[in-house]
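Chemist: As numbered in the UniProt record's numbering, residues 1 to 166 make up the sequence shown, in order. Ideal placement from N, C-alpha and C gives every residue a C-beta, glycine not left out. Bear in mind that the values here come from a model prediction, so they are computed numbers and not experimental data. Below is one structure. I have some questions about it.
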Amino acid sequence: MTRCQKLISPQIQELVSFINDNENSSREIKRAQAVIMVDKLKPLEEILEMTGLARSQVFELRKRYLKNGIIALKDKREKKLKELLTKQQKQEIITILKTKTPKDYGYENDYWLTGLLGHLIKRKYKVQYKSKTSYYLIFRQAKFTYHKPGRVYHIRDEKEVKEWQE
């Protein structure tokens with residue numbers, strides 16, 4: 001059985017610069033570290049503990065790195081999408097949610113709803129999110145919780161309730 005070839009100096013330099021590059025995710029850096037540690041014949045338990053990778057992943061990463069280069073270590077997932085609102089704009093919205101009511105902006109409701117928030121953001125910043133999840137996240141950042149309205153029995157008679165309470 002033949003052993004895998006050792007990394008050559010330019011490959012090690014490439015991996016070290018990849019690790020030191022701030023553009024790469026922590027997962028990508030752990031992959032590069034695993035490849036270097038396997039090459040330096042570190043104990044497998046130590047590699048697994050340091051990187052959090054499985055045994056099969058470590059050897060598969062090394063094999064793919066030797067075949068494809070640094071691309072084998074890159075995440076295949078898309079990077080974070082561009083934010084529609086800037087941090088400052090989000091902070092302004094959160095301040096509005098905490099300090100003002102929808103009535104201050106010409107709405108008839110006393111409480112903020114996702115639809116009202118969406119309309120306000122569209123009117124103020126000309127931005128519209130595709131799903132309500134983004135609005136829920138803004139409410140969460142403002143430390144708002146949502147509550148279902150209280151239920152009232154549909155054939156409840158208020159006169160009978162008052163008589164019973166007295």
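1. For N109 and K103, what's the separation of their Cα atoms in angstroms?
2. Evaluate L41 with the Cβ neighbour count: other Cβ atoms within 10 Å of its Cβ, from every protein chain shown; 16 or more gives buried, anything less gives exposed.
3. Measuring from the CB of K30, is there a heavy atom of the ligand NAP at a distance below 6 Å?
4. Tell me whether the region 51-63 and the region 81-95 touch, counting them as touching only if at least three CB pairs, one residue from each stretch, are closer than 8 Å.
5. Using the Cα positions of K74 and Y153, report the straight-line distance between them to the nearest angstrom.
6. How many angstroms separate the CA atom of K124 from the CA atom of Y111?
7. Would you call R156 buried or exposed, if buried means 16 or more other Cβ atoms sit within 10 Å of its Cβ?
8. For G118 versus Y107, is the C-beta distance shorter than 7 Å?
9. Using C-beta distances below 8 Å, list every residue in its chain close to S9, excluding the 5 sequence neighbours before and after it, in chain order.
10. Let me know the secondary structure DSSP gives H119 once reduced to three states.
Modeler: Taking the coordinates as given:
1. Here the alpha carbon of N109 sits roughly 6 Å from the alpha carbon of K103.
2. exposed
3. Ligands in the displayed structure: none, and consequently the ligand NAP is not present.
4. no
5. Between the alpha carbons of K74 and Y153 lies a distance of about 58 Å.
6. Those two C-alpha atoms are separated by around 19 Å.
7. Exposed.
8. Taking 7 Å as the cut-off, the Cβ atoms of G118 and Y107 do not count as close.
9. none
10. helix
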